[in-house]
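Asks: There's a structure below that I have some questions on.
Number of protein chains: 2
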Amino acid sequence: MTTAKRDTYTPETLLSVAVQVFNERGYDGTSMEHLSKAAGISKSSIYHHVAGKEELLHRAVSRALDGLFGILDEEHARVGSAAARLEYVVRRMVEVLLAELPYVTLLLRVRGNTDTERWALERRRDFDHRVADLLRAAAAEGEVRTDVEVRLATRLVFGMINSIVEWYRPEGRGAGEREVADAVARLVFGGLRAAG
Amino acid sequence: MTTAKRDTYTPETLLSVAVQVFNERGYDGTSMEHLSKAAGISKSSIYHHVAGKEELLHRAVSRALDGLFGILDEEHARVGSAAARLEYVVRRMVEVLLAELPYVTLLLRVRGNTDTERWALERRRDFDHRVADLLRAAAAEGEVRTDVEVRLATRLVFGMINSIVEWYRPEGRGAGEREVADAVARLVFGGLRAAG
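Protein chains in written order, with the UniProt record's numbering: chain A, 1 to 196; chain B, 1 to 196.
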């Protein structure tokens, strides 16, 4: 018999434990046993909440994806010049990444071995395309440089933003959320060069 | 008895097979058995060349690190304004990353579980600091913006450059090496915004 704590978990708190374990061990390397130990509840208690680890993965990456797609529905992402909308979206991407750090980290590490992972990759690609469309529109308006191909620029900008999950620590003494979002917005649009 | 191909390996070709396996399975997940199968030679033949998998890791990350540190000794990295030297180094980092793609990919995935991995992480930090110093010097000369903290800017620029290993495929129909290096140099220094 597993000696388990009284199950005071909600699907939400169980999810937060699962995401932490997935990020530490990798999704493939995580068993229900690992989740049970980390949560301090029995496997059967976990099965009371979810059908299995893939459901937890689905919920976790959905949270990250909903946060990202939600940006595109916000007023400043829909109204105004394409360049202004793009700048808004870039800044909000950083904010969502920092607000949902473990969930976005997991999303970015998904590799495509299961249906849920393939679905998440497909949704990420959709989001990338939406941002690339915005970049294309801003270039057509003459607000964004045209000497860097749109897909390549999108990849490099996403590369900069997504790399934040590798080093950002919310409890650290380093840069705060606002500082990171400002830095990304400045570098992505203005680059390093001092304004002439 | 292992039925092995005749051992026509040199330390160099064995290294290239090992790096591929490390990148696919992760260093921790790779056994001498995996290396033996991938190389098509017996384990004892591998031991003829190297003391074990950690020596292969050491050689592989050394190759990436030597490539990166070598940049700093090149004339254009030593002579000229700090901003021009920084721009040269950024472009050369992309070129070295693309030329030594599997080796740099492995270097960037090193986690710090063994002495060799910890040594590699320490050397990466040294390199980051050298580039951060250049950025600081360029800011002091007034050529680089000062409203983004130097370490944060360095992290974001490295994030953009290092993300290339996630999607660049040498044999692909996508952007070529020159196009990627140009794109990074333009975005890092000038940003997305069209020149007024």
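Even glycine gets a Cβ: it sits at the ideal position worked out from N, Cα and C.
Bear in mind that the values here come from a model prediction, so they are computed numbers and not experimental data.
Which residues in the same chain have their Cβ closer than 7 angstroms to the Cβ of residue 191(A), if we skip the five residues on either side of it in sequence?
Replies: Nothing listed; no residue qualifies.
Asks: Take every Cβ of the segment 137-148 of chain B, pair it with every Cβ of the segment 57-66 of chain B, and state whether three or more of those distances are shorter than 8 angstroms.
Replies: The answer is no - the segment 57-66 of chain B does not touch the segment 137-148 of chain B, with fewer than three Cβ pairs under 8 angstroms.
Asks: With DSSP as the reference, identify every bridge partner of residue 144(A), one or two as the case may be.
Replies: Looking at the DSSP assignment, residue 144(A) forms a beta bridge with 193(B).
Asks: Which term fits residue 87(B), buried or exposed, when burial requires 16 or more other beta carbons within 10 angstroms of its beta carbon?
Replies: Buried is the call here.
Asks: Along chain B, which residues have their Cβ under 8 angstroms away from the Cβ of residue 160(A)?
Replies: Simply 156, 157, 159, 160, 163.
Asks: Output, in sequence order along the chain, the residues in the segment 111-138 of chain B whose CB is closer than 9 angstroms to any CB in chain A.
Replies: Residues passing the 9 angstroms Cβ filter: 135, 138.
Asks: Under 9 angstroms Cβ-Cβ, which residues of chain A neighbour residue 190(B)?
Replies: Within 9 angstroms Cβ-Cβ: 145, 190, 191, 192, 193.
Asks: Just to confirm my understanding: we take residue 49(B), look at its own chain, exclude 5 residues before and 5 after, and list those with CB closer than 7 angstroms. What are they?
Replies: Cβ neighbours of residue 49(B) beyond the five flanking positions: 9, 11, 14.
Asks: With DSSP run on the structure shown, which of helix, strand or coil describes residue 116(B)?
Replies: Residue 116(B) falls in the helix class under three-state DSSP.
Asks: What does the alpha-carbon distance come out to for the pair residue 89(B) and residue 71(B)?
Replies: The straight-line gap from Cα to Cα measures roughly 7 angstroms.
Asks: Among the residues of its own chain, which have a CB less than 6 angstroms from the CB of residue 136(B), if the five just before and after it don't count?
Replies: Closer than 6 angstroms at Cβ, skipping near neighbours: 150.
Asks: Going by the beta-carbon positions, is the gap between residue 68(A) and residue 158(A) smaller than 7 angstroms?
Replies: No, these two residues do not count as a Cβ contact at 7 angstroms.
Asks: Would you mind telling me which residues of chain A sit closer than 8 angstroms to residue 183(B), beta carbon to beta carbon, in chain order?
Replies: 148, 149, 152, 153, 156, listed in chain order.
Asks: Among the residues of its own chain, which have a CB less than 8 angstroms from the CB of residue 84(A), if the five just before and after it don't count?
Replies: Hits under 8 angstroms: 76.
Asks: Which term fits residue 195(A), buried or exposed, when burial requires 16 or more other beta carbons within 10 angstroms of its beta carbon?
Replies: Residue 195(A) comes out exposed.
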